[in-house]
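*Asks:* Submitted below is the structure of interest, expressed as structure tokens.
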Amino acid sequence: MSGLAVAETLELWASSLRDVKSRMRVLFTQGRVAVSAGQFLDGLLGDERRKTGWMRADAAGDKGPWRQQARAATRVRTLPAWKRGEPGVCSMVRAPSPENEDRRRPSQERKVPVAERVRHVSRIKGLLYPQGTAYEPLHRNRRHNLEKLRTGAGRPLSSRLKRQILRKLDRLELLLGQTKEIETERDAELKQADRTDTPAAAVLAALKGIGTDLRGGDQGRGAVALARKPSATGCLCWPDTNTLARCGYVCREQGAGKSGKPRLRTTMIQVAWLWLRHQPRSELSRWFQQRVAGHGGRIRKTMIAAMTRKLLVALWKYLTAGVVIEGAAMKTV
């Protein structure tokens with residue numbers, strides 16, 4: 004083959020490649036990739052309620068923002084890899100069922116009036132602090148004590164200040180009533196649940212210091228996690244490892260991490276404090292008292308985190324293997 008024939012052949016191939024490239028560029032534009040992603044996700048998910056906003060907009064003929072179209076292209080590459088079983092591609096969120104979501108509602112609803120109660124109590128105490136007097140708004144005789152209240156100079160409270168505090172007390176009593184109603188409903192549901200489908204929560208309920216906050220609502224999943232394995236417990240309630248900061252050759256400890264669910268982590272800290280109060284003769288309580296003996300109050304906040312991890316392991320062994328916590332007391336029927 005002569006050099007001219009080779010040049011003509013190469014030119015023909017190059018023109019063919021340019022033609023194919025121009026046609027492929029039209030086929031794989033951002034808009035077409037987004038449409039293909041929408042069709043793929045639509046077939047994978049199927050349920051109309053699970054469609055995102057850009058999918059509904061694309062179905063209506065309106066192109067979504069380019070950022071959402073780029074996310075669609077990423078999902079087109081990610082979802083097939085996840086379906087093939089490739090590790091570390093993505094983590095799928097398992098949405099709770101309507102029944103489980105409704106079961107957690109009393110626990111979540113209770114947090115709202117409790118937070119408002121704290122604000123009203125702090126506001127009342129803040130109003131009386133400049134007067135040089137102490138007052139407890141949550142006392143059962145709160146209104147009677149308010150009538151007898153005197154300032155630091157021995158004068159009675161002004162009429163306007165007293166009326167303002169009385170209005171605050173009206174709101175506070177309304178919140179206390181709503182909180183009591185929510186707690187009554189929650190306790191009734193827990194008694195019914197302990198007899199049916201939550202054996203782990205029923206076993207925890209037999210221990211002193213374990214109340215409804217750990218067994219019911221959103222925190223009730225902590226009892227179920229304890230019955231599974233330590234890794235699930237660490238993911239749901241408390242981080243398994245501490246946080247390290249590395250910069251070159253410097254590696255320092257930043258303390259316990261805050262991974263996992265904040266509500267469950269907060270609940271387990273409260274359970275640890277209640278354990279110290281109701282289980283003073285247990286091995287964990289004696290270990291805590293030995294560690295904080297002779298130190299200030301600041302070390303207690305640090306050591307309670309360590310005790311929480313030890314308590315989680317002890318509760319997990321108690322639920323799964325029946326290992327009794329040394330020195331723990333049971334509730335009397």
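Counted the way the numbering used here counts, the sequence shown spans residues 4 to 336. Virtual Cβ for every residue (Gly too), placed ideally from N, Cα, C. Please read these numbers as outputs of a predicted model, since none were measured by experiment.
#1: Using beta-carbon positions only, say whether residue 306 and residue 316 come within less than 8 Å of one another.
#2: Classify residue 95 as buried or exposed, calling it buried when 16 or more other Cβ atoms lie within 10 Å of its own Cβ.
#3: Going straight from the alpha carbon of residue 284 to that of residue 318, what length do you get?
#4: Compare the beta carbon distance of residue 140 and residue 178 with 8 Å and say whether it is the shorter of the two.
#5: Taking the Cβ atom as the reference point for each residue, do residue 142 and residue 174 lie within a distance shorter than 8 Å?
#6: So, for residue 154: in the same chain, excluding its five sequence neighbours on each side, which residues have a beta-carbon less than 8 Å away from its beta-carbon?
#7: Using the three-state DSSP reduction, which class does residue 90 fall into: helix, strand or coil?
#8: For residue 297, which residues from the same chain have a beta carbon less than 6 Å from its beta carbon, with the 5 sequence-adjacent residues on both sides left out?
#9: Are the beta-carbon atoms of residue 280 and residue 212 separated by less than 8 Å?
#10: Taking Cβ positions, are residue 188 and residue 109 nearer each other than 8 Å?
#11: According to the neighbour-count rule (16 or more other Cβ atoms, all chains shown, within 10 Å of its Cβ), is residue 326 buried or exposed?
#12: Are residue 310 and residue 275 touching if we call contact CB-CB under 8 Å?
#13: Quick one: what does DSSP say residue 210 is sitting in, helix, strand or coil?
#14: Pick from 299, 195, 207 and 192: whose alpha carbon is nearest that of residue 314?
#15: From residue 335 to residue 78, what distance separates their C-alpha atoms?
#16: Within 10 angstroms of its Cβ, does residue 278 collect 16 or more other Cβ (buried), or is it exposed?
#17: May I ask you to report which of helix, strand or coil DSSP gives residue 159?
#18: I'd like the span of the alpha helix (DSSP H) that includes residue 125, first residue to last.
#19: Going by CA-CA distance only, name the one from 111, 91, 324 and 151 that's closest to residue 185.
#20: Over the uninterrupted alpha helix (DSSP H) stretch that includes residue 97, give me the two end residues.
#21: Contact defined as beta carbons within less than 8 Å: I believe residue 182 pairs with residue 120. What is the distance between those atoms, to the nearest angstrom?
#22: Using beta-carbon positions only, say whether residue 369 and residue 149 come within less than 8 Å of one another.
#23: Tell me whether residue 15 is buried or exposed, calling it buried when 16 or more other Cβ atoms sit within 10 Å of its Cβ.
#24: Out of 74, 328 and 287, point me to the one whose CA is closest to residue 308's CA.
#25: Assign residue 113 to one of two classes, buried (16 or more other C-beta atoms within 10 Å of its C-beta) or exposed (fewer than that).
#26: Taking only the alpha-carbon atoms, compute the straight-line gap between residue 304 and residue 190 and give it to the nearest angstrom.
#27: Measuring CA to CA, which of 328, 87, 118 and 205 is closest to residue 289?
#28: Answer yes or no: does any C-beta atom of chain B fall closer than 8 Å to that of residue 150?
#29: Exposed or buried, which one is residue 270 when buried takes at least 16 other CB atoms within 10 Å?
#30: For residue 128, which option in 88, 169 and 105 has the closest C-alpha, if you only look at C-alpha atoms?
#31: List the endpoints of the continuous alpha helix (DSSP H) containing residue 301.
#32: If you draw a straight line from the C-alpha of residue 321 to the C-alpha of residue 209, how long is it?
#33: Taking its Cβ as the centre, do 16 or more other Cβ atoms sit within 10 Å of residue 293, making it buried, or is it exposed?
*Replies:* The relevant details are as follows:
#1: Numbered from 1 along the sequence shown, position 303 holds the residue referred to as residue 306. Numbered from 1 along the sequence shown, position 313 holds the residue referred to as residue 316. In this structure, residue 316 does not lie closer than 8 Å to residue 306 by Cβ.
#2: Within the sequence shown, the letter at position 92 stands for residue 95. Of the other Cβ atoms in all chains shown, fewer than 16 fall within 10 Å of the Cβ of residue 95; this residue is therefore exposed.
#3: As a position in the sequence shown, residue 284 is number 281, starting the count at 1. As a position in the sequence shown, residue 318 is number 315, starting the count at 1. The alpha-carbon atoms of residue 284 and residue 318 are separated by roughly 16 Å.
#4: To locate residue 140, count along the sequence shown from 1; it is residue 137. To locate residue 178, count along the sequence shown from 1; it is residue 175. No, the pair does not count as a contact, with Cβ atoms beyond the cut-off.
#5: If you number the sequence shown from 1, residue 142 lands on position 139. If you number the sequence shown from 1, residue 174 lands on position 171. Cβ atoms of residue 142 and residue 174: not closer than 8 Å.
#6: What you label residue 154 is simply residue 151 of the sequence shown in a count that begins at 1. If we look at residue 154 and ignore the five residues flanking it on each side, its Cβ neighbours are 134, 135, 136 and 160.
#7: In the sequence shown, residue 90 corresponds to position 87, counting from 1. Reduced to three states, the DSSP call for residue 90 is coil.
#8: One-based indexing of the sequence shown puts residue 297 at position 294. Counting only Cβ-Cβ distances below 6 Å, and skipping sequence neighbours, we find nothing.
#9: Along the sequence shown, one-based indexing puts residue 280 at 277. Along the sequence shown, one-based indexing puts residue 212 at 209. Cβ atoms of residue 280 and residue 212: closer than 8 Å.
#10: One-based indexing of the sequence shown puts residue 188 at position 185. One-based indexing of the sequence shown puts residue 109 at position 106. Yes, these two residues count as a Cβ contact at 8 Å.
#11: The residue given as residue 326 occupies position 323 in the sequence shown. It is exposed - the Cβ of residue 326 has fewer than 16 other Cβ atoms within 10 Å.
#12: Residue numbering aside, residue 310 sits at position 307 when the sequence shown is read from its first letter. Residue numbering aside, residue 275 sits at position 272 when the sequence shown is read from its first letter. Going by C-beta atoms, residue 310 is nearer than 8 Å to residue 275.
#13: By 1-based counting over the sequence shown, the position of residue 210 is 207. The answer is strand: DSSP assigns residue 210 an E or B state.
#14: Here residue 314 refers to the residue found at position 311 of the sequence shown. Of the listed residues, the one whose Cα sits closest to residue 314 is 207.
#15: Taking the first residue of the sequence shown as position 1, residue 335 is located at position 332. Taking the first residue of the sequence shown as position 1, residue 78 is located at position 75. Each residue's Cα considered, the two are about 56 Å apart.
#16: For the purposes of this step, residue 278 is taken as the residue at position 275 of the sequence shown. The residue is buried, with at least 16 neighbouring Cβ atoms inside 10 Å.
#17: Sequence index remark: in the sequence shown, residue 159 carries index 156 (1-based). DSSP, read as helix, strand or coil, puts residue 159 in strand.
#18: In the sequence shown, residue 125 corresponds to position 122, counting from 1. Going by DSSP, residue 125 is part of the alpha helix (DSSP H) stretching over 108-131.
#19: On the sequence shown, residue 185 is found 182 positions in, with the first residue counted as 1. When each option's Cα is compared against that of residue 185, the closest is 111.
#20: Looking up residue 97 in the sequence shown gives position 94. It is not in any alpha helix (DSSP H) - residue 97 carries neither H nor E in the DSSP assignment.
#21: Residue numbering aside, residue 182 sits at position 179 when the sequence shown is read from its first letter. Residue numbering aside, residue 120 sits at position 117 when the sequence shown is read from its first letter. Correct: roughly 7 Å between the Cβ atoms.
#22: Any question about residue 369 goes unanswered here, given that the chain covers just 4 to 336.
#23: Position 12 of the sequence shown, counting from 1, holds the residue named residue 15. Classification of residue 15: exposed, given that the 10 Å Cβ count is below 16.
#24: Residue numbering aside, residue 308 sits at position 305 when the sequence shown is read from its first letter. The shortest C-alpha separation from residue 308 is found at 287.
#25: Looking up residue 113 in the sequence shown gives position 110. Counting other Cβ atoms within 10 Å of its Cβ, residue 113 reaches 16 or more and is therefore classed as buried.
#26: The residue you call residue 304 lines up with position 301 of the sequence shown. The residue you call residue 190 lines up with position 187 of the sequence shown. Rounded to whole angstroms, residue 304 to residue 190 spans 30 Å at the Cα level.
#27: Here the question's residue 289 lines up with position 286 in the sequence shown. Ranking the options by Cα distance to residue 289, first place goes to 328.
#28: The chain labelled as chain B is not found in the depicted structure, where only one protein chain is given.
#29: By 1-based counting over the sequence shown, the position of residue 270 is 267. It counts as buried.
#30: Within the sequence shown, numbered from 1, the residue matching residue 128 stands at position 125. Among 88, 169 and 105, the Cα nearest to that of residue 128 belongs to 169.
#31: Against the sequence shown, residue 301 aligns to sequence position 298. First-last of the alpha helix (DSSP H) with residue 301: 301-323.
#32: Within the sequence shown, the letter at position 318 stands for residue 321. Within the sequence shown, the letter at position 206 stands for residue 209. Approximately 12 Å, taken between the alpha carbons.
#33: Looking up residue 293 in the sequence shown gives position 290. Exposed is the call here.
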